[in-house]
Amino acid sequence: HNIYLLPFVLYSGYEVIGLEHLPKGPGIVIFHHSIWLRGYCFFVCKAYEEKGRLCHSVIDHFLYKLPGLARWVYEKTRCLLLPVYGGFPVKLRTYIGEPIPYDPNITATELAEKTKTALENLRDRHQKMPGNILRALSERFDKDDKAN
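If you read the sequence shown in full-length UniProt numbering, its first letter stands for residue 1, the second for the next number, and so on.
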């Protein structure tokens, strides 16, 4: 691994599954990052390392929902506000699903619905419920654990 991926791999055993689904040409990657942005950062590094592709992204700025909070923190500290949530060294995987091909005959609303359904299907297929911290920690160090 390249040096910039080393902290990610050591901390969470990070892996990307489905990198072959990235299109060769232009595309938009819809990334569901929840409240922890490190998965997105890992993905960008991995896509560059494996495919030589830089991902320019549009990301929800949920951290700044309190009007003026980000500006106030920045003005006082000259630092960007990046709150930390979770942080357990659990196995982290990013699953890339099949591309949704461009169709000029559907509306933006229909495309949004197709995208939402595709994300929900990926989540339902790969997220183990109910969540369990001890199981997640054991998966991090289990060499026989296979992505399903």
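C-beta atoms are modelled at their ideal positions from N, C-alpha and C, and glycine is treated no differently.
Distance CB(residue i)-CB(residue j) smaller than 8 Å
i: residue 209; j: residue 92; result: With the chain running from 1 to 148 in the structure shown, residue 209 is simply not present.
i: residue 140; j: residue 73; result: no
Close Cβ partners of residue i (< 7 Å) along its chain, the five nearest in sequence each way excluded
i: residue 151; result: Because the chain is modelled from 1 through 148, residue 151 falls outside the range shown and cannot be assessed.
i: residue 55; result: 29, 44 and 47
Whole-angstrom distance between residue j and residue i, CA atom to CA atom
i: residue 49; j: residue 99; result: 20 Å
i: residue 78; j: residue 70; result: 10 Å
i: residue 53; j: residue 27; result: 11 Å
i: residue 132; j: residue 104; result: 43 Å
i: residue 23; j: residue 101; result: 10 Å
i: residue 114; j: residue 25; result: 21 Å
i: residue 117; j: residue 6; result: 33 Å
i: residue 136; j: residue 68; result: 36 Å
Cβ of residue i within 8 Å of any chain B Cβ
i: residue 128; result: Here chain B cannot be found, since the structure has a single protein chain.
Spatial neighbours of residue i in its chain, beta-carbon cut-off 6 Å, leaving aside the 5 residues before and after
i: residue 31; result: 40
Cβ neighbours of residue i in the same chain (closer than 8 Å, five flanking residues each side left out)
i: residue 21; result: 96, 97, 98 and 99
heavy atom of the ligand MG below 7 Å from residue i C-beta
i: residue 116; result: No copy of the ligand MG appears in this structure; indeed no ligand is present at all.
Handout entry: Runs of beta strand (DSSP E) lying entirely within the segment 79–129, each at least 3 residues, in chain order
Key = 93–95
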